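Working notes, beginning with the structure itself.
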Amino acid sequence: MKRMDRDAMARRVAQDIPEGAYVNLGIGLPTRVADFLPPDKEIFLQSENGLLGMGPAPAPGDEDPELINAGKQPVTLLPGGCFFHHADSFAMMRGGHLDICVLGAFQVSVRGDLANWHTGAADAIPAVGGAMDLAIGAKQVFVMMDLLTKAGGSKLVEQCDYPLTGLGCVSRVYTDLAIFEVGAGGARVIETVDGLGLEALRELTGLPLKQA
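Throughout the sequence shown, residue numbering follows full-length UniProt numbering, covering 1 to 212 in sequence.
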């Protein structure tokens, strides 16, 4: 069984973003999606610090220190792109103007509840940031995460143990072992990596997964 590496996960998410979509990429792993969007699709990337029309990461040496995403990583700006006030950016997020946001997570429940801002660890950042605005404001929420913790527990769970970012907001979960649809009907498996069957995935997660 071969896991998907992070670039492969990002490439898979990019494939599912439709033409003309307005998309926010969360801090961390989701930012990689920008590097794999098909050049023949017009997709508008928004960043909560006030950017619209972001492109892929710049080539080494071409970084502009004044052009960064919400995670303080250097980005490029496509022709026609713009930057604007932070408050206007949050109005865009809260006002339902984003088609998709892609977020990381500590846990996602089978019903689509999202926990992605706090684990209770003493050194964790005790603030939700813009994740709550994105989770509730975007029309669809995709999550990218490893399926298992370092201790081997599943991050796709029956019920989240960590403080929630949003209730029933996630529609799709992309992991290194499988892709899932989640929602009111529970978790359904869209696809798995080669060599991983449905029964083995049920054992890994401890969940009564269904085939999509």
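Virtual Cβ for every residue (Gly too), placed ideally from N, Cα, C. A quick note: this is a predicted structure, and the numbers were derived from the prediction, not measured.
Check	Outcome
From A131 to L103, what distance separates their C-alpha atoms?	8 Å
What does the Cβ neighbour count give for C82, buried or exposed, with the cut at 16 atoms within 10 Å?	exposed
The beta strand (DSSP E) that contains I100, what's its start and end?	I100 to L103
Any contact of the segment 134–145 with the segment 158–176, i.e. 3+ C-beta pairs under 8 Å?	yes
Which two residues bound the contiguous alpha helix (DSSP H) that contains L134?	A131 to G137
Please report the distance separating the alpha-carbon of G112 from that of G185.	10 Å
Taking three-plus beta-carbon pairs below 8 Å as touching, is the segment 7–18 in contact with the segment 86–94?	no
How many angstroms separate the CA atom of L114 from the CA atom of L45?	22 Å
Please state the DSSP three-state secondary structure of Q107.	strand
Is the segment 27–38 close to the segment 52–60, with three or more CB pairs under 8 Å?	yes
Which one of L148, D123 and R6 has the shortest CA to CA distance from G206?	L148
Can you tell which of Y22, Q211, S171 and S47 has the C-alpha that lies nearest to the C-alpha of T31?	S47
Here's a check: name, in chain order, each residue in its chain whose Cβ is nearer than 8 Å to the Cβ of A21, leaving out the five neighbours to either side.	I43, F44, D99 and I100
If you draw a straight line from the C-alpha of S109 to the C-alpha of V13, how long is it?	19 Å
Would you list the residues sitting across from R188 in a DSSP beta bridge?	E181 and K210
My output table needs one value for M54: the three-state DSSP class, helix, strand or coil.	strand
What is the DSSP secondary structure of P18, counted as helix, strand or coil?	coil
In whole angstroms, what separates the C-alpha of H86 from that of K155?	32 Å
In whole angstroms, what is the alpha-carbon distance linking P195 and L177?	It should be pointed out that residue 195 corresponds to Gly in this sequence rather than to Pro. Their Cα atoms are separated by approximately 10 Å.
Determine the burial state of F142: buried for a count of at least 16 other Cβ atoms within 10 Å of its Cβ, exposed for fewer.	buried
Taking only three categories from DSSP, how would you classify V13?	helix
Using DSSP with H/G/I as helix, E/B as strand and the rest coil, what is P30?	helix
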